[in-house]
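Chains as they are written, first to last, in the numbering used here: chain A, 1211 to 1420; chain B, 660 to 838.
Accompanying notes for the structure given below.
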Amino acid sequence: MTTNPASSAADDGLDRRRFLGAVFGTSALLTLFTVGQTFWPLRKLALLAPRRPDVGPQGFPVNRTAAAAGVSESSMSPDYRLTVTGRVSEALSFDVDQLRALPQHSAVLPIACVEGWSTTQRWTGVRVRDLLTMAGAAPDARVRVESLQQRRSYRTSDVNPWQAHDPDTLLALDVNDEPLAPDHGYPLRLIGPNRPGVMQTKWVTRVVVR
Amino acid sequence: MSSSAEVEPSTEASDAPSGVVFWVGAAIGIGIMAFGVRGLLENSRATQPMEFSKWFVGADLLHDLVIAPVAILVGAIVARLVPRPWRLPVQAGLFATAIVLAVGWAPLRGYGRAVAVGNDTVLPLDYSTAVATVVGVVWLVVGVWLGTIALRRWRGDATAGDGRDPRRVSAPRRTPPTR
């Protein structure tokens, strides 16, 4: 670093370079105390973060609760069914026990929320591609999953053909070997790679093949 | 917060906007802004343009009418009260404290809890303690910094007469700590 001989004013305090240094230093400090909301090893340092990736039911955060989504009753109802409809050769319908009787697969995948937090968990459930095969959907099928949630945005999300055929794209029944908590989408949620958290749709009740 | 007019970089020595870089930059920048405004209006149900405008204009007013005058006032007081070699650490500490308070304001006030009733994972921490802790870290760093300056001054006094400008010895140029 060169000194500026003309500037005794520099010793007065924050000149431009030092100001930028202060901006950089303060940014680094704030990053240190917030990055833990997405960087697991620093989670205990996330003092200023609006979320903690280890705080919530089953040990991770919730964006919208079952109560806020208005699905507290419908998600617990014995009448709950998952249906697979649309461009299929055979429409399917499953209750929770029948879903559990299908081949189960696990994937370790993150929920990465645009709010800034993320959390990686081990999910277990039915592969979307297995359901598509059972229903006789075309290989290039696009899929839309629909939630029990009736109102507001993000009650549905689209799954493109690549994601639909990825072995890690699941309709999950379990997280870390426990049934999903109501706020995490009981009985069934979508979880797949390369998707924003808000499109890991919870309380899934319908798969529409298009 | 900069107004859009300040964002355009001028690569010329003069302040008058000119040159290929300026106009290309302006075209790209205006294009991006137009895209943003289009999105703002097209998705008005989600973006709520009136709320956005309130924040867009409000942030400028808050800066120009409150934050800048307070910063100038505090700066003037510090320049008067704090002698030269100690001034930089104190200014840097105040700067960092202000930013930490600004960032901590929303969680401190619990903004967001009201729209997430029943969701205990929103703002789950004790943010008063958190802000106090981070500000404490800032002033710990400032304290160490001041201590270092005091030590150097004391050593500088001890070696006075070696031909160097004692003030420069006592207040050596250094970058602020990045922690």
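Positions of the beta carbon are idealized from the N, C-alpha and C atoms, including for glycine.
Keep in mind the model is a prediction, meaning the values are calculated, not measured.
As assigned by DSSP and simplified to three states, the class of residue i
i, result
"threonine 1415 of chain A", "strand"
"histidine 1460 of chain A", "Outside the displayed range of chain A (1211 to 1420) lies residue 1460 of chain A, so it cannot be described from this structure."
"aspartate 1305 of chain A", "coil"
"glutamine 1410 of chain A", "coil"
"proline 1349 of chain A", "coil"
"glutamine 1331 of chain A", "strand"
"proline 1389 of chain A", "strand"
"proline 1320 of chain A", "strand"
"aspartate 821 of chain B", "The predicted position of aspartate 821 of chain B is uncertain, since its pLDDT is 48 and thus under 50; no value can be drawn from it."
Buried versus exposed call for residue i [16 or more other C-beta atoms within 10 Å across all chains shown]
i, result
"glutamine 1308 of chain A", "exposed"
"leucine 724 of chain B", "exposed"
"serine 787 of chain B", "exposed"
"lysine 1412 of chain A", "buried"
"tyrosine 770 of chain B", "exposed"
"arginine 768 of chain B", "exposed"
"glutamine 1410 of chain A", "buried"
"leucine 721 of chain B", "exposed"
"arginine 1274 of chain A", "buried"
"arginine 772 of chain B", "exposed"
Under 9 angstroms from the C-beta of residue i: neighbouring residues of chain B
i, result
"valine 1265 of chain A", "Asp779, Thr780, Pro783, Leu784"
Proximal residues to residue i (C-beta, below 7 angstroms), its chain only, five neighbours per side dropped
i, result
"aspartate 747 of chain B", "The residue you asked about is not aspartate; residue 747 of chain B is leucine in the sequence shown. Cβ within range, chain order: n/a, list empty."
"leucine 1255 of chain A", "Leu1242, Phe1243, Gly1246"
"serine 1316 of chain A", "Arg1332, Trp1333, Thr1334"
"arginine 1297 of chain A", "Ala1347, Ala1348, Ala1351, Val1419, Arg1420"
"glycine 1326 of chain A", "Gln1247, Thr1248"
Test: residue i CB closer than 9 angstroms to a CB of chain A
i, result
"glutamine 707 of chain B", "no"
"threonine 807 of chain B", "no"
"isoleucine 731 of chain B", "no"
"alanine 751 of chain B", "yes"
"valine 737 of chain B", "yes"
"glycine 695 of chain B", "no"
"arginine 811 of chain B", "no"
"methionine 660 of chain B", "At methionine 660 of chain B, the pLDDT of 43 sits below 50, so the modelled position is not reliable; the number obtained from the coordinates is stated separately. Chain A, which has no Cβ nearer than 9 angstroms to the Cβ of methionine 660 of chain B, makes this no."
Residue-level contact to chain B via CB, residue i, 9 angstroms cutoff
i, result
"valine 1272 of chain A", "yes"
"leucine 1258 of chain A", "yes"
"serine 1236 of chain A", "The sequence given here places threonine at residue 1236 of chain A; serine does not occur at that position. True, the Cβ-Cβ gap to chain B drops below 9 angstroms."
"aspartate 1393 of chain A", "yes"
"leucine 1358 of chain A", "no"
"leucine 1390 of chain A", "no"
"serine 1284 of chain A", "no"
"leucine 1398 of chain A", "no"
"arginine 1228 of chain A", "yes"
"leucine 1309 of chain A", "no"
"phenylalanine 1243 of chain A", "yes"
"alanine 1301 of chain A", "no"
"glycine 1223 of chain A", "yes"
Neighbourhood of residue i by C-beta distance below 8 angstroms, restricted to the same chain and skipping five residues each side
i, result
"methionine 1344 of chain A", "Val1294, Glu1300, Leu1302"
"serine 712 of chain B", "none"
"tryptophan 745 of chain B", "Leu805, Ile808"
Contact list for residue i against chain A, beta-carbon separation under 7 angstroms
i, result
"leucine 699 of chain B", "Within 7 angstroms Cβ-Cβ: nothing; leucine 699 of chain B doesn't reach chain A, min ~16 angstroms."
"glycine 763 of chain B", "Leu1258"
Same chain, Cβ closer than 6 angstroms to residue i, neighbours up to 5 away in sequence not counted
i, result
"threonine 1379 of chain A", "Val1338, Gln1373, Gly1402"
"alanine 830 of chain B", "Note that alanine 830 of chain B has pLDDT 47, beneath the 50 cutoff, so the model's placement of it is unreliable and no number is given."
"leucine 1258 of chain A", "Phe1243, Thr1244"
Under 9 angstroms by beta carbon: chain A residues contacting residue i
i, result
"arginine 814 of chain B", "Here the premise fails: no neighbours, minimum Cβ distance about 17 angstroms."
"proline 766 of chain B", "Leu1258, Ala1259, Pro1260"
"glycine 841 of chain B", "Lying before the first or after the last residue shown, residue 841 of chain B is absent from chain B, which here runs from 660 to 838."
C-beta neighbour in chain E for residue i, strict 9 angstroms
i, result
"isoleucine 758 of chain B", "The chain labelled as chain E is not found among the protein chains of the depicted structure, namely A and B."
Contact set between residue i and chain B, taken where Cβ atoms lie within less than 7 angstroms
i, result
"threonine 1275 of chain A", "Gly777, Asn778"
Where residue i meets chain B, residues with beta-carbon distance less than 8 angstroms
i, result
"serine 1363 of chain A", "Ala705"
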